[in-house]
Each structure stands twice: as structure tokens, then as C-alpha cells.
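As C-alpha cells, the structure follows; a few thoughts come after it.
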Amino acid sequence: MSHYLIINLTFNCPEIRILGPIKEQTIDKLNEVVPNATTTSRGNRAALPRFEYLSNPNHWYIKLDRQYCDEDGKSMLVLLLLDALAEDGAWRLVSSFVTKKASGSGPNESSETHTLFLNKLLSED
1 MSHYLIINLT FNCPEIRILG PIKEQTIDKL NEVVPNATTT SRGNRAALPR FEYLSNPNHW
61 YIKLDRQYCD EDGKSMLVLL LLDALAEDGA WRLVSSFVTK KASGSGPNES SETHTLFLNK
121 LLSED
């Protein structure tokens, strides 16, 4: 038997959706590291965004308003997610893809979504 996890990361501004069974401790860890992982610096006065649990479909969601990730920042967010999942258990990246679409009239005005598919084999006890 196996569990499946789908992670969608949309840039820019960064949004992350996690669909599937994930431990609360992993979400707590992500709440510590994700808000400070963008390329732009965050103002000291604003409260840090946190993952929230949404329904229909049930998933975890965070939006990093007024933040930006360049190519290094995008890679850093993916790496932080994969590191947190490695601590969660035996999650294995099965597949991934990226889609881009224009979101404005300028050459740099586009939206990019990274989708990661992971699975975790469970022992049949």
C-alpha cells in the first residue's frame, strides 16, 4: 500500500499547496523556514504567513504576499520542501513538471507552476 502527495508551487508571488497525508510536525517545520526563503526580504512589522488547512479538496496552503523568488529562490523553496519531507518519512519524488503562462503584457510577467508528485510505501503489518 502507498500514500501519495502532490505539491503545487506557483510563482510569483509564491503560493504552495500540499495535497495528501502530511504530518503536523512537517507543517510546523515548513512554517519556520518557508516564509524567509524568498529572494526578497520580508518587512519586520508584518506577521509571518503560515500554512492553513483548507477544504474542498483538503489541503495545506500558504501564500507569500508581496514576495518574489528568482531562479535561486525557486530552487531553495523546492529544496526546503523536499528536506522537510525527508524528515517526515520515506517520501520519494516520482515525477515533476513545470507550466508557464503569461500573466501580463511584459516579457517578465508570467506565472510559473511547479508540480511535484511523491509517494510513500507503507509496510503491510
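All residue numbers for the sequence shown refer to UniProt numbering, where the first residue is 1 and numbers rise by one.
Using N, Cα and C, we set each Cβ at its ideal position, and we do this for glycine too.
- Taking every protein chain shown into account, the CB of Arg-17 has 16 or more other CB atoms within 10 angstroms, so this residue is buried.
- Annotation: the continuous beta strand (DSSP E) that includes Ser-95 extends over 92–102.
- Between Leu-9 and Val-78, the C-beta gap is smaller than 8 Å, which places the two residues in contact.
- According to the DSSP assignment, Lys-63 belongs to the beta strand (DSSP E) that extends over 59–63.
- Secondary structure in the stretch 12–82: the beta strand (DSSP E) runs of 3 residues or longer, each lying completely within the stretch, are 15–19, 52–54 and 59–63 in chain order.
- With distances taken between CA atoms, His-3 lies nearest to Gly-89 out of Gly-89, Pro-14 and Asp-65.
- Here the C-alpha atom of Leu-48 lies approximately 31 Å from the C-alpha atom of Ser-95.
- Spanning the alpha carbons of Leu-85 and Lys-100 requires a straight line of approximately 25 Å.
- Distance between Phe-51 and Ile-27, taken at the CA atoms: about 7 Å.
- Of all alpha-carbon atoms in Ser-111, Val-33, Leu-5 and Glu-32, the one lying nearest the alpha-carbon of Cys-13 is that of Ser-111.
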